[in-house]
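To start, the structure under review is shown below, and the notes come after it.
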Amino acid sequence: MASLAAARRLSARLARSKLPHDAATARGFRTSTASLAAHNLAMPALSPSMTEGNVARWKIKEGEKFSAGDVILEIETDKATMDVEAPDDGVLFKIIQNDGSKGIKVGARIGVIAEDGDDLSTLEIPADESPKEDAAAAAPKEESKSEPVPQEERTASEPAQTGAKSSAKAQKQGYPLFPSIIQLLHENGIDESKINEIPATGPKGRLLKGDVLVYLGKAKAESAATGAQRYEKLAHLDLSNIKVAEKKAAPKVEEKPAKPAAPVVEDLQVTLPVSLASVIELQKKVQDTLGSFVPLSTFVARATEVANDNLPLPANYKPSADELFNQILGLDTVGPKGSRGHYLPQISALPPPASFSQKSFRAAKPDIIDILTGGPAKKPAAPKASVRPAGLSTGVNVFSLKVPKVEEKRARVFLERVKLVLENEPGRLVL
1 MASLAAARRL SARLARSKLP HDAATARGFR TSTASLAAHN LAMPALSPSM
51 TEGNVARWKI KEGEKFSAGD VILEIETDKA TMDVEAPDDG VLFKIIQNDG
101 SKGIKVGARI GVIAEDGDDL STLEIPADES PKEDAAAAAP KEESKSEPVP
151 QEERTASEPA QTGAKSSAKA QKQGYPLFPS IIQLLHENGI DESKINEIPA
201 TGPKGRLLKG DVLVYLGKAK AESAATGAQR YEKLAHLDLS NIKVAEKKAA
251 PKVEEKPAKP AAPVVEDLQV TLPVSLASVI ELQKKVQDTL GSFVPLSTFV
301 ARATEVANDN LPLPANYKPS ADELFNQILG LDTVGPKGSR GHYLPQISAL
351 PPPASFSQKS FRAAKPDIID ILTGGPAKKP AAPKASVRPA GLSTGVNVFS
401 LKVPKVEEKR ARVFLERVKL VLENEPGRLV L
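For what it's worth, UniProt numbering labels the leading residue of the sequence shown as 1, then goes sequentially.
In structure tokens:
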């Protein structure tokens, strides 16, 4: 709505600028007509690019009064239909362009208006002040049609023309004629039998359009000769200025410095002694109570699973994009700061001390009853060997990890957790 109102105000200002000066000036009280003359209403320019418009519909009829701001008519352009408002009070005296008139130039008269209170019977219609286009159109140019030259006149003029031609020789044409030459021959009525009599300056004696024009006297012989020389010059490749380029020495291959060898990651072995006495004691209790035997390897596997949870980060750890984003938001202090490990320790049993490696069993003394009865003496029973997995001992075992040097702290924390669970909290591994 705001743009439409702005357009109306613009049209009113443009319409006001088209009226004569005395129609736009303020009027005072009077008892007679102002000028006894009406004023022309011109086609307004409703946009900077508008050059013409159409009268869609008049809103008032001839003789009707209107006030300032009233819509007088509708103007239709190629983009939109807009209203034209009256700049002042007045009367529509005459409609020049009726409804539906199209292609009216900007500034052309479309109607005549009078001032409010004028006597329409005594008013004169003013002259059309709109710029008129020059009605005088240029006279159409007469097209010069080439008429065939009579055969007698052409043959009579041919000897004179051939005498003024260049030194080109006429010869039989062995190539098909160009379409432009064929058209030129037909337009000038030249018989095809005369083609071999026209001196040809083309490459290898080919007939050109310029040769025909020289033959007809419409071109100078020098132009045809110049063209022939140009064809002859361009037909051969001039190699006189070509020199053999000097052979360039092969570029020296610069020895590239050897790339530094990748740093060797040093591995180290972290060890920790762990006693399985508590685990073996718990193993016997479970077997005696529940009648179920749990191998030592199961206890070790469960302890490894518990110890791998939330280990400290390695020294060379690089945070991920999500972790960096959490650091920006300050969320890195909320969750755990470690990560889960995947360590699997190697277990080896410590050898027992030399003094207790082998127990010497003394031979039992014969029983007095056996001596009196004369029976055989009983042999002492050999001690039963305890069954355990390979690598495990009922005593102290060594748990070891081979890790990079940057993970030394991480691996040591893992082994300490394994030791804590197996020695102090083996009951967690049964549940």
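From the three backbone atoms N, C-alpha and C, an ideal C-beta is built for every residue, glycine too.
Secondary structure at residue i, three-state DSSP: helix, strand or coil?
| i | result |
| --- | --- |
| residue 114 | strand |
| residue 179 | helix |
| residue 359 | Unreliable placement is indicated for residue 359, whose pLDDT of 46 sits below 50; the coordinate value is still reported in the next sentence. Looking at residue 359 - three-state DSSP - the assignment turns out to be coil, as it is neither helix nor strand. |
| residue 236 | coil |
| residue 56 | strand |
| residue 139 | Because residue 139 carries a pLDDT of 38, less than 50, the predicted location of this residue cannot be relied on, and the following value inherits that uncertainty. Residue 139: coil per DSSP, three-state reduction. |
| residue 186 | helix |
| residue 408 | helix |
| residue 419 | helix |
| residue 195 | helix |
| residue 42 | strand |
| residue 272 | strand |
| residue 311 | strand |
| residue 145 | Residue confidence is low: residue 145 scores 41 on pLDDT, short of 50, so the model does not pin down where it sits. No coordinate-derived value is stated. |
| residue 170 | strand |
| residue 109 | strand |
| residue 293 | coil |
| residue 222 | helix |
| residue 243 | coil |
| residue 65 | strand |
| residue 156 | In this prediction, residue 156 has a pLDDT of 37, which is less than 50 and means its spatial position is unreliable; nothing more can be read from the coordinates. |
Is the distance from the Cβ of residue i to the Cβ of residue j below 9 Å?
| i | j | result |
| --- | --- | --- |
| residue 415 | residue 274 | yes |
| residue 280 | residue 290 | no |
| residue 50 | residue 106 | yes |
| residue 59 | residue 73 | yes |
| residue 207 | residue 175 | yes |
| residue 452 | residue 68 | Here the chain comprises residues numbered 1 to 431, so residue 452 is not present and cannot be evaluated. |
| residue 399 | residue 298 | no |
| residue 229 | residue 196 | no |
| residue 53 | residue 104 | yes |
| residue 405 | residue 311 | no |
| residue 341 | residue 307 | yes |
| residue 92 | residue 62 | yes |
| residue 56 | residue 76 | yes |
| residue 190 | residue 214 | no |
| residue 184 | residue 192 | no |
| residue 198 | residue 219 | no |
| residue 427 | residue 329 | no |
| residue 314 | residue 410 | yes |
| residue 209 | residue 240 | no |
| residue 323 | residue 332 | yes |
| residue 397 | residue 278 | no |
| residue 43 | residue 113 | no |
| residue 47 | residue 79 | yes |
Looking at the secondary structure, which residues open and close the alpha helix (DSSP H) in which residue i lies?
| i | result |
| --- | --- |
| residue 328 | 321-329 |
| residue 280 | 277-290 |
| residue 209 | 209-216 |
| residue 306 | 296-307 |
State the start and end residues of the unbroken beta strand (DSSP E) segment that holds residue i.
| i | result |
| --- | --- |
| residue 401 | 396-404 |
| residue 81 | 81-85 |
| residue 496 | Nothing about residue 496 can be read from this structure; the chain reaches only from 1 to 431. |
| residue 346 | 346-349 |
| residue 71 | 71-76 |
Does the Cβ of residue i lie closer than 8 Å to at least one heavy atom of the ligand MG?
| i | result |
| --- | --- |
| residue 266 | Absence of the ligand MG is noted for the structure shown, with no ligands found whatsoever. |
Next item on the list: Decide yes or no for the touch test of the region 232-240 against the region 248-260: beta carbon pairs closer than 8 Å, at least 3 of them.
Entry: no
Notebook entry, point to check: Quick one: any contact between the region 38-50 and the region 102-121, if contact means 3 or more CB pairs under 8 Å?
Noted result: yes
Notebook entry, point to check: Between the region 299-313 and the region 405-424, do at least 3 Cβ pairs fall closer than 8 Å?
Noted result: yes
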